[in-house]
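Taking my numbering, the leading residue of the sequence shown gets 926, the next gets one more, and so forth.
Just below is one structure, and these are the notes that go with it.
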Amino acid sequence: MLAKVAQNAIEVDEQLPILPASDKSATDVMLSLSKWGEIVQAAYEEQAPHKICQFIYELSDAYNKFYHENKIVANEDAALRNSHICLSKLVVNVLETAVDLLGLEAPERM
926 MLAKVAQNAI
936 EVDEQLPILP
946 ASDKSATDVM
956 LSLSKWGEIV
966 QAAYEEQAPH
976 KICQFIYELS
986 DAYNKFYHEN
996 KIVANEDAAL
1006 RNSHICLSKL
1016 VVNVLETAVD
1026 LLGLEAPERM
């Protein structure tokens, strides 16, 4: 799923509004994402790249729960599907940036 999002294989309808978090798992993903700026700053100031590694783990864990609790692409509600896809795209972008900051290459598939 995330690989398809990363390749822009899943379309987003720009006309539909982005909805608030639909459940606790979506809220957890959004809260994890909101910490990204602070994590990067702390990792830089403290010369502690392990903070980025820990963030990657926590965000991945939160997204994994979200993915298993929600229909993302198969959701019949177009606005909710669109919001879930946008959230997934944001997760992909942040994870790619985090891995790039560490100087690593992420595998396409596990």
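We put the CB at the ideal spot given by N, CA and C, even for glycine.
Residue i - containing alpha helix (DSSP H), residue span
i	result
residue 1014	1003-1026
residue 984	975-994
residue 972	Where residue 972 is concerned, there is no enclosing alpha helix (DSSP H), given that its DSSP letter is neither H nor E.
residue 960	Segment: none, residue 960 is in no alpha helix (DSSP H) and carries neither H nor E.
Chain B within 8 Å of residue i, Cβ atoms only
i	result
residue 992	Looking at the structure shown, chain B is missing, and only one protein chain is on hand.
Environment of residue i [buried if 16+ CB atoms lie within 10 Å]
i	result
residue 964	buried
residue 1029	exposed
residue 999	exposed
Proximity to residue i [Cα-Cα], best of the options
i	options	result
residue 1014	1032, 992, 972 and 1002	992
residue 941	1011, 957 and 950	1011
residue 1022	948, 980, 952 and 972	980
Validate contact between the stretch 965-973 and the stretch 998-1007 using beta carbons, cut 8 Å, 3 pairs: no
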